[in-house]
Structure formats: C-alpha cells, structure tokens
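**Student:**
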Amino acid sequence: MARTECRLIVAGTMLIGTTYGLARFAYGLFLPSMREEVGLSATLAGIIGSGAYVGYCLAIVLSALLVERFGPRRIAVTAALIAAVGMAGIAVSTQAIWLAGAVLLAGTSTGLASPPMAQAVSRAITAPRQGRANTVINAGTSLGVAVSGPVAFIATGQWRLAYAAFAVAALLNALLLLISVPRSCASDTAKASDGQVDGLWRPRALTLIVAATGMGMASAAFWTFSSEVVITLGHFEQATANIAWILIGVAGLVGGAAGDLIARLGLNTVHRGSLAAMAGALGLLVLSPSNLAAVFVSGALFGAAYIMLTGVYLVWGIRLYADRPAIGLGLPFLMIAVGQIVGSPLAGYLIGSRGYLVCFIAFALIAVATALIGYRTTERAAFQPASTSP
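The working numbering numbers the first residue of the sequence shown as 29 and each following residue consecutively.
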C-alpha cells in the first residue's frame, strides 16, 4: 500500500476516533462524575446524551451534500476543529444548559467526519483496497473509546481535564488531516454542480433505514447508561467502569475486519450474528451486574458488535450508493443516530420509572427484532476484500 494511502487511513482513523470515541461516546464514561458535579437527573442526562445525536443528524446530512461540492479535505478538517471547540466547551461547563450545548456541538463533529472519509477513500485508494480501508477507518471509534478509558484513570474525578486533553488531540488531528486528505477533484465538483448523479432514493433503501434505526436504538442504553449500571447495580468503583469501557474499545477493533467477514460469510450472517451479540451484552450486564467477569464480557461483546454493525451498514449503504459513497455512508449512519436520539431519553425514562433491568432487557429485545431484517438485492453485489499485497 502506498505511503499516501496509509497516511490517509491513519488520519481518517484518528478523526473517527476523536469525533466518535471522544467527542461523542466518552460522555457515557464520564457521566457519573458529571451528574454529581453539575446535578443531572437520569432523564436529563439521557436528554443531553440525545443532544449529541441531534447534532450528528443535522451535520451528517449537511456533510454528505457539501463534501460532493467542496471536497473531503475541507469538511474533514472542519469536523476536527468543531470537535475541539465542543470538547473544550464541555471542559468549562458549570451548568446543565451549557453542558447540553457543548455536548450538542461536539456531537455535530461526528456527523461531519464520516462522509468526507468515505469520499476520500473512493478517490484516493484503489478499488480493491477500498472495502478494507473504509472498515478500518470506521473502527477508529473503538480506538477513541479505548483511549478514553486510560485517560479516565489518569484524570480520576477530573473529567474537565480529560475533555481539555481531548480538545488538544482534536486540534492535532486537524493538522494531520490538512496534509493527508486529498483536495476535491474538479470533475467530481462539476458533476455535483450539474446534477450528474443519481437521486437519493434507491431500491431497498427502506430496509437499510429500518435496520440501522433499530440498531441505533438498541445501542443507546448501553452507550449512555452502562457505566451507571456497573457502579449503581454492581456496586463497583469508577475504575471498574473505566476498565469495562476500555474493553468496549479494544474489542471494537475487531470491527475493522467487517469487510473481510462480509465477503466470506455474507452480509446477513454478520448482521444477525452481531445483533445477537449486542442483545447478549445488554442482557448479561443487567442480569449479572455484580459479576466482574460478566461485566467485562458484556463490554467486549458490545464493543465488537457495535463496530461490526456500523461496518455492515457502511458496506450495505455503499452497495446501494456506489456512485455517491458519501451518501451511501451518510444515510445508514444518520438512521443509527435517529435510533439513538429516540433510545437515549427512552432509556433514561425507563430507568427512572421501571429500573435498569426492565430498560436493558427491553433494549435487548429491540436488537433481536432488528436481526429479523435482512439484506436483499436483485443484483449480485460484489464486495471484494482488499488485497494484502503492497
């Protein structure tokens, strides 16, 4: 693989790790400390968490459209800068309203980040390598989650310091993106301006929309409240929740193999198996919250399942939108976030009214129901794994 291709993959993986792993999902890891210091109820914490998803939805629609006109570099760098500003805002927030606004701003960076990387890969990396490149970059979420855990150890009780460090990391990533992501191609910009691309709606897009929404909803309870389950029901210290969070990230790196697994086993097999693992993770955590081994296995199962599923929907979407990769990635990722917008406050409500057990079992059943949805196509979809040769 050429040096420029490797540099693009590294920069893209870092962007996804910074925006998704740090700017978005680290909120759940630091939530117990935030709630104690800022004074948040479970319901309000869920609403604030959903604010990041709202920002994500708005941004990913905008990003998927703008990247075709302005090119991937500008949008990717903008995503890193917005992540930096949002996380700096979280670090200095002293009231719930300011915290909510900063979480919302940080959440928009995730929406901006993914479409330009899909577009950059389609333009800068040869076709046989694109599947693996996309799923490796997508697994950057796990890298960010894994990094946030040790940071939580180092900055025990100092979530403001942690977010300040995350903001600095986002600024450094912006510089790397500036020198790694290719400029827009003149012919691509001309096609977007002249409307020389197919429309947004494609056959069987509805199936993808429903599946991605269901997965997003099922995952919301774990992302937002799993650390609280470990501490509140399991009676463990914050350090245990941090270790479980690290395991989520490390196990999620398995998701980088999504492209190869889909090519070997088929998209439906990987999709359904991953949703079954997610349901198992939700159930195991709440049924055995005081069993340390069960807590760690639950975290590992969830991390691997979630990133594998995002890789599945990435491949699924790009199959439907081969001529518009930014849209092909943007649509399913948008619907994942829509599911999380609904799921996060619903989980907070269920926890407040019915308890953690009812909440997590209900969300496990959502994952099971989503597994009934399958990918079908009237054409033979060719997805070849990347060659390992240089």
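Even for Gly, the Cβ is constructed at its ideal location relative to N, Cα and C. In this text the structure is predicted, and so the values were computed from the model without any measurement.
What is the DSSP secondary structure of A195, counted as helix, strand or coil?
**Tutor:** The residue labelled residue 195 in the question sits at position 167 within the sequence shown. If DSSP states are grouped into helix, strand and coil, A195 belongs with the helices.
**Student:** Between the Cα of S302 and those of A128, I369, A399, T252, spot the shortest distance and give me the residue it belongs to.
**Tutor:** Position 274 of the sequence shown, counting from 1, holds the residue named residue 302. The option with the nearest alpha carbon to S302 is A399.
**Student:** When the Cα of A192 is compared with those of A119, W251, R97, which residue comes out closest?
**Tutor:** Residue 192 sits at position 164 when you count from the first residue of the sequence shown. Closest by alpha carbon: A119.
**Student:** Less than 8 Å between the C-beta atoms of L357 and I346, yes or no?
**Tutor:** As a first step, residue 357 is located in the sequence shown; it is residue number 329 there, counting from the start. As a first step, residue 346 is located in the sequence shown; it is residue number 318 there, counting from the start. Taking 8 Å as the Cβ cut-off, L357 and I346 qualify as a contacting pair.
**Student:** Whole angstroms is fine: what's the gap from R97's alpha carbon to P144's?
**Tutor:** The residue given as residue 97 occupies position 69 in the sequence shown. The residue given as residue 144 occupies position 116 in the sequence shown. Those two C-alpha atoms are separated by around 11 Å.
**Student:** How far does the alpha helix (DSSP H) with N162 in it reach, from first residue to last?
**Tutor:** Locating residue 162 in the sequence shown gives position 134, counting from the first residue. Taken as a continuous stretch (DSSP letters only), the alpha helix (DSSP H) holding N162 covers 155-166.
**Student:** Which of the three DSSP states, helix, strand or coil, is assigned to I401?
**Tutor:** Within the sequence shown, numbered from 1, the residue matching residue 401 stands at position 373. Residue state, collapsed to three classes: coil.
**Student:** Can you list, in chain order, the residues of its chain with a C-beta nearer than 6 Å to that of M115? Leave out the 5 residues immediately preceding and following it.
**Tutor:** Within the sequence shown, numbered from 1, the residue matching residue 115 stands at position 87. Cβ within range, chain order: A51, A134, Y191, F194, A195.
**Student:** Hey, would you say T252 sits closer than 8 Å to G40, going by beta carbons?
**Tutor:** Numbered from its first residue, the sequence shown carries residue 252 at position 224. Numbered from its first residue, the sequence shown carries residue 40 at position 12. Result no, Cβ atoms of T252 and G40 do not sit closer than 8 Å.
**Student:** Would the segment 287-295 count as touching the segment 231-240 if we require 3 or more Cβ pairs under 8 Å?
**Tutor:** The answer is no - the segment 231-240 does not touch the segment 287-295, with fewer than three Cβ pairs under 8 Å.
**Student:** Report all residues from its chain with a CB closer than 8 Å to the CB of A202; omit the five preceding and five following residues, and keep chain order.
**Tutor:** Position 174 of the sequence shown, counting from 1, holds the residue named residue 202. Once the five neighbours on either side are set aside, the close Cβ partners of A202 are V105, A108, L109, A112.
**Student:** Given A92, which residues of its chain have a CB within under 6 Å of its CB, disregarding the five upstream and five downstream residues?
**Tutor:** For this step, residue 92 is matched to residue 64 along the sequence shown. Closer than 6 Å at the Cβ level, and outside the excluded window around A92, lie P143, A354, I355, G358.
**Student:** Please confirm if the segment 371-378 is in contact with the segment 293-300, defined as three or more CB-CB distances below 8 Å between the two stretches.
**Tutor:** Flag = no, the segment 371-378 and the segment 293-300 do not touch.
**Student:** Pull up the CB-CB distance for A197 and T46, whole angstroms please, since I reckon it's below 8 Å.
**Tutor:** Here residue 197 refers to the residue found at position 169 when the sequence shown is read from its first residue. Here residue 46 refers to the residue found at position 18 when the sequence shown is read from its first residue. About 6 Å separates the two Cβ atoms, so the contact holds.
**Student:** Hey, is the segment 168-176 in contact with the segment 386-403, meaning 3+ C-beta pairs nearer than 8 Å?
**Tutor:** No, they do not touch.
**Student:** DSSP on W187, reduced to helix/strand/coil?
**Tutor:** Against the sequence shown, residue 187 aligns to sequence position 159. Note: W187 maps to helix in three-state DSSP.
**Student:** Quick one, which of A322, V323, G331, F361 has its alpha-carbon nearest Y341's?
**Tutor:** The sequence position of residue 341 within the sequence shown is 313, counting from 1. Per the Cα distances, F361.
**Student:** Just checking, does the segment 262-278 make contact with the segment 81-91 on the three C-beta pairs under 8 Å criterion?
**Tutor:** Because the criterion of three Cβ pairs below 8 Å is not met, the segment 262-278 and the segment 81-91 do not touch.
**Student:** Pick from V257, S247, I207: whose alpha carbon is nearest that of V38?
**Tutor:** The residue you call residue 38 lines up with position 10 of the sequence shown. Nearest of V257, S247, I207 to V38, Cα basis: I207.
**Student:** Going by C-alpha to C-alpha distance, which of G67, H299, L57, R102 sits closest to T122?
**Tutor:** As a working mapping, residue 122 is identified with position 94 in the sequence shown. Checked all of G67, H299, L57, R102; the closest Cα to T122 is G67.
**Student:** In or out: P231 buried (at least 16 other Cβ within 10 Å) or exposed?
**Tutor:** Taking the first residue of the sequence shown as 1, we reach residue 231 at position 203. Answer is exposed; the Cβ neighbour count stays below 16.
**Student:** With a 10 Å radius around its C-beta and 16 neighbouring C-beta atoms as the bar for buried, classify I103 as buried or exposed.
**Tutor:** Translated into positions along the sequence shown, residue 103 becomes position 75. Counting Cβ neighbours within 10 Å, I103 comes out buried, since at least 16 surround it.
**Student:** Could you confirm whether any beta carbon from chain C is found closer than 8 Å to the beta carbon of Q266?
**Tutor:** No chain C appears in the structure shown, which is made up of a single protein chain.
**Student:** Using a threshold of 8 Å, state whether the C-beta atoms of G242 and I401 are closer than that.
**Tutor:** Residue mapping note: residue 242 aligns to position 214 of the sequence shown, counting from 1. Residue mapping note: residue 401 aligns to position 373 of the sequence shown, counting from 1. The answer is yes: Cβ separation under 8 Å.
**Student:** Shortest alpha-carbon distance to T32 belongs to which of G383, F53, Y55, A161?
**Tutor:** Here the question's residue 32 lines up with position 4 in the sequence shown. The residue with the shortest Cα to Cα distance from T32 is A161.
**Student:** Measuring straight from C-alpha to C-alpha, what distance separates L36 and L205?
**Tutor:** In the sequence shown, residue 36 corresponds to position 8, counting from 1. In the sequence shown, residue 205 corresponds to position 177, counting from 1. Computed Cα separation, rounded: 8 Å.
**Student:** Out of L57, L127, V89, point me to the one whose CA is closest to G185's CA.
**Tutor:** The sequence position of residue 185 within the sequence shown is 157, counting from 1. Nearest of L57, L127, V89 to G185, Cα basis: L57.
**Student:** With DSSP as the reference, label S121 as helix, strand or coil.
**Tutor:** Here residue 121 refers to the residue found at position 93 when the sequence shown is read from its first residue. It is coil, neither helix nor strand.
**Student:** G11 and G283 look like a contact to me (Cβ under 8 Å); what is the Cβ gap, rounded to whole Å?
**Tutor:** Since the first and last residues shown for the chain are 29 and 418, residue 11 lies out of range.
**Student:** Given this structure, state the Cα-to-Cα distance separating W126 from A30, to the nearest angstrom.
**Tutor:** As a position in the sequence shown, residue 126 is number 98, starting the count at 1. As a position in the sequence shown, residue 30 is number 2, starting the count at 1. Distance between the alpha carbons of W126 and A30 is about 45 Å.
**Student:** Would you kindly work out how many angstroms separate the C-alpha atoms of T19 and G79, rounded to a whole number?
**Tutor:** Given that the chain is displayed from residue 29 to residue 418, the structure contains no residue 19 and the question cannot be resolved.
**Student:** For L43, is the classification buried or exposed, using 16 other Cβ atoms within 10 angstroms of its Cβ as the cut-off for buried?
**Tutor:** Within the sequence shown, numbered from 1, the residue matching residue 43 stands at position 15. Classification for L43: buried.
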